[in-house]
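Peer 1:
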Amino acid sequence: MTNNTPTTNNASPGHSTAQESTSARLENRADSHFDRKGIVQIALLGLLLLVPVAAYFLGHIYYVNLASRITIIAMAAVGLNLAIGYGGMVSFGHAAYFGLGGYVAGISAYHAFDFTPFMTWPFTVPGSDSLLVVWLAAAVLCGLLALAIGAISLRTTGVYFIMITLAFAQMIYYFANSWPTYGGEDGLPIYLRNGLPWLDTNNALNYFLICFAGLVLAMAITSRLMKSRFGAALTMARLNDVRLATAGISPYPIRLMAFVISAVITGLAGALYADLNGFVSPTSLSWHFSGELMVIVILGGVGRLYGPLAGAVLFVMMETLLGGITQYWQLFLGLVLLGVVLFAKHGVMGWLAGRERNE
Amino acid sequence: MSDVVLSLQKLHKRFGALQATNDVSLDLQQGEIHALIGPNGAGKSTLIGQIAGNIRPDEGRVFLADTEITGMSIAQRARLGLGRSFQVSSLAEPLSVMRNVMMGVQALQSHSFRFWKPVARDQQLLEPAYEALERMQLSHRAWTPVFELSHGERRQVEVACALALKPRALLLDEPMAGLGPEGTAKLTELLEALKREVPILLIEHDMEAVFRLADRISVLVSGSVIAQGDSQTIRQDPHVREAYLGDSDA
């Protein structure tokens with residue numbers, strides 16, 4: 085609830101009178117965008133946009149690509165946050181979707197480069213070097229994979245859910261590791277970045293802006309989704325699934341749909357990541373990366389819209405800055421995580437912007 | 058028999074050696090409060106579970122109006138008009154009262170795969186939820202988070218949640234539990250007003266409230282219904298006095 089902003093409940097505190105308009109009676113306040121939370125959010129997003137633009141014009145391409153990296157990791161974490169933070173589904177296998185998205189980009193580029201078809205039976209699927217085609221394919225395939233994995237995993241809860249999602253992701257990891265056509269454990273290079281018809285994607289700033297648009301879109305969709313009827317049901321499924329069922333809504337299909345949307349967002353981030361690096365390898369499918377995404381979500385603030393962004397900035401900056409000084413940088417990451425879990429339960433965003441309010 | 062809203066027909070449920078429900082038949086008719094009483098361990102919870110849908114009976118059938126609901130899920134039963142409240146309050150505490158009540162309205166109106174329109178301004182959801190709250194005299198608390206409510210108010214919210222489903226029958230599991238005399242009196246009054254519209258199957262420990270409210274009472278002992286009738290009959294039934302009221306010199 086609001087602890088820094090004045091309470092704006094306008095639902096009548098006493099008895100409602102007939103003169104009150106229906107909307108005033110029924111509608112619960114609208115927040116100002118310029119409270120502390122709003123300022124922190126705008127500052128975060130603004131810095132993420134302005135720093136790379138400035139770096140680009142100062143000729144520091146390295147920092148533009150670093151910002152792209154942060155943005156993509158943040159987008160992947162936005163996807164995971166929908167499952168963990170909003171849906172209460174602690175998936176320890178989101179690398180599966182991130183990696184699959186990456187491999188879609190890689191394999192598609194590989195065949196486009198070679199002029200060979202990906203498959204010829206029962207119908208021919210050629211490769212493509214168009215980002216739009218890659219994104220569409222990544223979204224559809226990640227959605228289908230999540231539908232299958234989610235349909236089975238969501239029959240379990242708690243620690244079993246964590247383990248079963250991990251198990252599925254590991255299966256895919258070992259499969260990619262042992263498939264020599266696409267590089268096996270060595271990974272698959274993308275010689276030419278996939279392109280768009282009206283934009284030079286090889287330009288670092290252009291590519292950053294694409295990633296930035298992807299992140300903002302993912303966050304906007306999450307926000308809108310959580311305010312809708314679907315979001316209301318998902319919130320109730322997380323807080324009290326017996327109450328949801330008693331109200332006449334089965335929790336299972338609601339959770340499954342959220343799991344699929346979550347995976348599609350993370351998968352699209354994976355496709356962007358492969359094209360950013362010009363390379364995709366089984367590392368992006370590993371449980372280690374699933375864990376990193378979870379760390380980012382927890383660092384930033386579970387179930388906070390801007391949490392994944394704050395977490396990704398902190399994580400990648402620590403990795404880059406401390407990693408440049410010592411190879412033991414993860415020791416410091418561990419300490420920071422410890423500090424967040426012990427002293428700032430609502431993550432960096434909770435610490436910066438105050439606690440999230442419910443309605 | 059068109060007045061029968063909810064009927065249980067020869068329900069049996071056994072857990073290992075324990076016969077938790079033994080040939081229980083009872084019905085709930087339009088306009089009445091039918092109370093189910095019984096000492097601890099009589100099998101009340103098991104019976105409620107079979108009506109609400111979280112426990113499947115071994116034998117027997119459950120009907121809501123003319124529809125058999127024996128094999129249906131909790132959510133399906135709720136959509137057909139079976140509203141229930143829980144012995145232990147089961148609301149989503151961080152959310153406002155309104156959010157809790159709106160869930161039932163949402164389930165009634167359509168499926169929940171609506172991704173775009175914000176619920177906070179959805180009059181189709183807000184109006185009926187507000188109405189349900191008004192009937193429980195709680196509309197002034199609509200935007201208060203549940204964790205700030207008193208125990209008695211939570212009980213009222215539970216009933217409002219059930220009312221939001223526009224139920225054909227209400228199943229209230231010890232709604233008076235933990236309420237002080239004032240809270241009990243208020244809830245008793247509200248339920249009395251409610252029963253004309255929605256018949257209530259009331260599971261309750263508070264004998265005074267039961268005798269005041271119930272049109273009919275069924276007494277459950279060791280899984281079986283040992284007596285059924287109005288409060289006068291039950292008060293005087295020697296088996297009941299022996300088994301339940303602990304009065305051996307009846």
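Those protein sequences? They're chains G and X, same order as listed.
Using the numbering used here, the first residue of the first sequence is number 85, and each one after it goes up by one.
Using the numbering used here, the first residue of the second sequence is number 58, and each one after it goes up by one.
For glycine and all other residues, C-beta sits at the position ideal for the given N, C-alpha and C.
It should be emphasised that the depicted structure is a prediction, and the values quoted were computed from it without experimental measurement.
Between Ser105 of chain G and chain X, is any beta-carbon pair separated by less than 7 Å?
Peer 2: Confidence at Ser105 of chain G is low in this model, with a pLDDT of 45, below 50, so the placement of that residue should be treated as unreliable; the coordinate-derived value is given next. Output row for Ser105 of chain G: interface = no.
Peer 1: Report yes if the CB atom of Ser374 of chain G is closer than 7 Å to the CB atom of Ala179 of chain G, and no otherwise.
Peer 2: yes
Peer 1: How should Gly98 of chain X be labelled, buried or exposed, when 16 other C-beta atoms within 10 angstroms of its C-beta is the threshold for buried?
Peer 2: exposed
Peer 1: Based on Cα-Cα distance, which residue from X:Ala74, X:His296, X:Pro256 and X:Pro175 lies nearest to Asp272 of chain X?
Peer 2: X:Pro256
Peer 1: Does the beta carbon of Leu323 of chain G come closer than 7 Å to any beta carbon on chain X?
Peer 2: yes
Peer 1: Would Arg134 of chain X pass as a contact of Gly161 of chain X if the rule is Cβ separation under 7 Å?
Peer 2: No, these two residues do not count as a Cβ contact at 7 Å.
Peer 1: Any contact between the region 65–77 of chain X and the region 191–203 of chain X? By contact I mean 3 or more CB pairs, one from each, below 8 Å.
Peer 2: no
Peer 1: Does the distance from the C-beta atom of Leu318 of chain X to that of Gln163 of chain X stay below 7 Å?
Peer 2: Absent from the model: residue 318 of chain X. The displayed extent of chain X is 58 to 307, so no value can be given.
Peer 1: Shorter than 7 Å from the beta carbon of Gly332 of chain G to some beta carbon of chain X?
Peer 2: By this cut-off, Gly332 of chain G is an interface position.
Peer 1: To the nearest whole angstrom, what separates the beta carbons of Tyr147 of chain G and Ala139 of chain G, a pair I think is in contact under 8 Å?
Peer 2: 4 Å
Peer 1: Got a sec: is the Cβ-Cβ distance from Arg277 of chain G to anything in chain X below 7 Å?
Peer 2: Between Arg277 of chain G and chain X, the shortest Cβ-Cβ separation is not below 7 Å.
Peer 1: Taking DSSP's pairing of strands, which residues face Glu125 of chain X in a bridge?
Peer 2: Answer by DSSP bridge pairing, in chain order: X:Phe120.
Peer 1: I'd like the list of long-range same chain contacts for Ala149 of chain X, defined as Cβ closer than 8 Å, with 5 residues on each side in sequence excluded.
Peer 2: Arg156, Asn157 and Val203
Peer 1: Anything in chain G within Cβ reach of Ile131 of chain X, meaning under 7 Å, just list it in chain order.
Peer 2: Ala329 and Thr330
Peer 1: Going by the DSSP bridge assignment, what does Asn79 of chain X pair with across the sheet?
Peer 2: In the DSSP output, where bridge partners are listed per residue, Asn79 of chain X has X:His69.
Peer 1: Measure from the C-beta of Ser262 of chain G to each C-beta in chain X and report whether the shortest distance is under 7 Å.
Peer 2: no
Peer 1: Between which two residues does the alpha helix (DSSP H) harbouring Phe245 of chain G extend?
Peer 2: Gly242 to Asn261
Peer 1: So Met160 of chain X contacts chain G; which residues on that side make the cut at Cβ distance below 9 Å?
Peer 2: Ala316, Ala317, Met320, Arg327, Leu328, Thr330, Ala331, Gly332 and Ile333
Peer 1: Cβ of Ile260 of chain X within 7 Å of Cβ of Leu121 of chain X?
Peer 2: no
Peer 1: State the Cα-Cα distance for the pair Asp80 of chain X and Pro175 of chain X, rounded to the nearest angstrom.
Peer 2: 48 Å
Peer 1: Counting only Cβ pairs nearer than 7 Å, list the residues of chain X close to Lys121 of chain G.
Peer 2: Residues of chain X passing the Cβ test: none, with the nearest at roughly 17 Å.
Peer 1: With Gln285 of chain X as the anchor, note down where its beta strand (DSSP E) starts and where it stops.
Peer 2: Per DSSP, the continuous beta strand (DSSP E) segment holding Gln285 of chain X begins and ends at Ser281 to Gly286.
Peer 1: Please list, in chain order, all residues of the same chain as Ser281 of chain X whose beta carbon is under 8 Å from its beta carbon, the five residues on each side excluded.
Peer 2: Asn79, Asp80 and Val81
Peer 1: Provide the residue span of the alpha helix (DSSP H) that contains Ala271 of chain X, from first to last.
Peer 2: Run containing Ala271 of chain X: none; DSSP gives neither H nor E here.
Peer 1: Taking all protein chains shown into account, decide if Gly418 of chain G is buried (16 or more other Cβ within 10 angstroms of its Cβ) or exposed.
Peer 2: exposed
Peer 1: Could you tell me which chain X residues have their CB closer than 7 Å to the CB of Ser212 of chain G, listed as they occur along the chain?
Peer 2: The contact set of Ser212 of chain G on chain X, defined by CB atoms closer than 7 Å, is empty, because the minimum CB distance reaches about 29 Å.
Peer 1: Below 8 Å, how does it come out for the region 377–384 of chain G and the region 254–267 of chain G: are there three or more Cβ pairs, yes or no?
Peer 2: no
Peer 1: Going by C-alpha to C-alpha distance, which of G:Val386, G:Ile274, G:Leu340 and G:Ala396 sits closest to Arg472 of chain G?
Peer 2: In the structure as shown, chain G begins at 85 and stops at 443. Residue 472 of chain G is therefore absent and cannot be evaluated.
Peer 1: Closer than 7 Å, Cβ to any Cβ of chain G: which residues of the region 202–223 of chain X, in chain order?
Peer 2: Here the close residues are Pro202, Cys218 and Leu222.
Peer 1: With distances taken from CA atoms, which of G:Ala396, G:Asn165, G:Ala189 and G:Gly130 is nearest Gly354 of chain G?
Peer 2: Ranking the options by Cα distance to Gly354 of chain G, first place goes to G:Ala189.
Peer 1: Under 7 Å between the Cβ atoms of Ala186 of chain X and Ala132 of chain X?
Peer 2: no
Peer 1: CA-CA distance, Ser107 of chain G and Val214 of chain X?
Peer 2: In this predicted model, Ser107 of chain G has a pLDDT of only 48, less than 50, meaning its place in the structure is not dependable; the value taken from the coordinates is given anyway. The straight-line gap from Cα to Cα measures roughly 22 Å.
Peer 1: Mapping the DSSP letters down to three states, classify His372 of chain G as helix, strand or coil.
Peer 2: helix
Peer 1: From Ile405 of chain G to Phe416 of chain G, what does the alpha carbon distance come to, in whole angstroms?
Peer 2: Here residue 405 of chain G turns out to be Leu, not Ile, going by the sequence shown. The alpha-carbon atoms of Leu405 of chain G and Phe416 of chain G are separated by roughly 11 Å.
Peer 1: Are any of the Cβ atoms in chain G nearer than 7 Å to that of Val176 of chain X?
Peer 2: Cβ-Cβ to chain G under 7 Å: yes for Val176 of chain X.
Peer 1: Per DSSP, His91 of chain X forms a beta bridge with which residues?
Peer 2: X:Leu258 and X:Arg273
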